[in-house]
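Chemist: The opening residue of the sequence shown carries number 251 in my numbering; numbering runs sequentially from there.
Idealized CB from N, CA, C, for every residue including glycine.
Predicted, not measured: the structure shown is a model, and the values here were computed from it.
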Amino acid sequence: MNITVFKQRSQHPGFRMLSGLLGLLAVYGCSSTNTLSDSSSPSAANANSGTDQWVGQWQVNNPSSSQAVKFVLTPEGKLFLLPPETSSESPVAYEIPVQKLSDSPDLPPNTKIVDIQEAFNNQATKAKQSEGKMYIGAMNRSQQAYYLENNKFGTTIEQLGIGIKPETESYNYQIVPQGNGTQRVMHTAKAKRPELNSYTGAVFVVTNNGENITRAAICETDKPSSTPPAMPTPPKNISEQIQCPAGSRLIGR
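1. Tell me whether the stretch 368–380 and the stretch 396–410 touch, counting them as touching only if at least three CB pairs, one residue from each stretch, are closer than 8 Å.
2. With the cut-off set at 8 Å, would you say N450 and P479 are in Cβ contact?
3. Helix, strand or coil for G382? Go by DSSP, reduced to three states.
4. I think S476 touches S448, with their Cβ atoms under 8 Å apart; what is that distance to the nearest whole Å?
5. With 16 as the cutoff for other CB atoms within 10 Å, does E470 come out buried or exposed?
6. Which residues mark the beginning and the end of the alpha helix (DSSP H) in which S446 is found?
7. Would you list the one or two residues that DSSP bridges to M481?
8. How big is the Cα-Cα spacing for M267 and I346?
9. Could you pull out every unbroken beta strand (DSSP E) segment of at least 3 residues lying fully inside the stretch 316–382, listed in chain order?
10. Look at the alpha carbon of Y396 and the alpha carbon of D472, and state the distance between them as a whole number of angstroms.
11. Sort out for me which residues DSSP pairs I488 with in a bridge.
12. For N311, which residues of its own chain have a beta-carbon under 7 Å away from its beta-carbon, when the five flanking residues on both sides are left out?
Structure (structure tokens):
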């Protein structure tokens, strides 16, 4: 059976995510004897049974999916990634170039150990929260433009004409009218998932030298919450900063 081997530039998605992790695992898990062996024969490597515990086939769960990715470390110190979609009839292996830097198995001082699944989850959470920030910011800016044309704020997302849906996989979006709709307006992004923060946007009308000027702000909850922050405190003048309520922080406009 022939196995097709691709070099690094193949850039398989699993390779991009796991190559660094697997490379480090292979390098630091092997001694100089089995990584830089003078002999390329498996029998020579097997003779060093106390130092080649990392030689063989290994499996890593891909945090971005339920798939398990296999990799092989040879007695010669070569590392290969076996993608889960490869067929048994025409298997494919991606060669991952690794280079040994030291014989020391110790981590640098004060190194923080991070679980790869936890790190992936944190990145996924940030990506979902970016949607909330972006949508609330877009609603703020659209309301400022709407006010310039109508001398009042819109009361529905459809009126703003920005293509934002009231509900997505991660958030529920809403315009909360304030008073007669001519001095301020509130927008909320209510988190639908327990790991997400919620957001409130606000646009205020401030008078400066007899001219009405709009000021906007976005407040983010300090911790994950399904309750958006309350209405921020309006500025008294054009130079005063909008204040977010307790339990939230100002992150933009």
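Modeler: In this structure, then:
1. The stretch 368–380 vs the stretch 396–410: no contact.
2. Note on identity: in this sequence residue 450 is Thr, with Asn being the wrong assignment. Yes, the Cβ-Cβ distance between T450 and P479 is below 8 Å.
3. G382: helix per DSSP, three-state reduction.
4. The C-beta distance from S476 to S448 rounds to 6 Å, short enough to meet the 8 Å contact threshold.
5. By the 10 Å Cβ count, E470 comes out buried.
6. The displayed chain sequence assigns Leu, not Ser, to residue 446. It is not in any alpha helix (DSSP H) - L446 carries neither H nor E in the DSSP assignment.
7. According to DSSP, M481 bridges with nothing at all.
8. Its pLDDT being 46, under 50, M267 is placed unreliably by the model, and nothing is read from it.
9. Those beta strand (DSSP E) runs which fall completely within the stretch 316–382 and span 3+ residues are 318–323, 329–332 and 342–346.
10. The alpha-carbon atoms of Y396 and D472 are separated by roughly 30 Å.
11. According to DSSP, I488 bridges with nothing at all.
12. These residues qualify, in order along the chain: A318.
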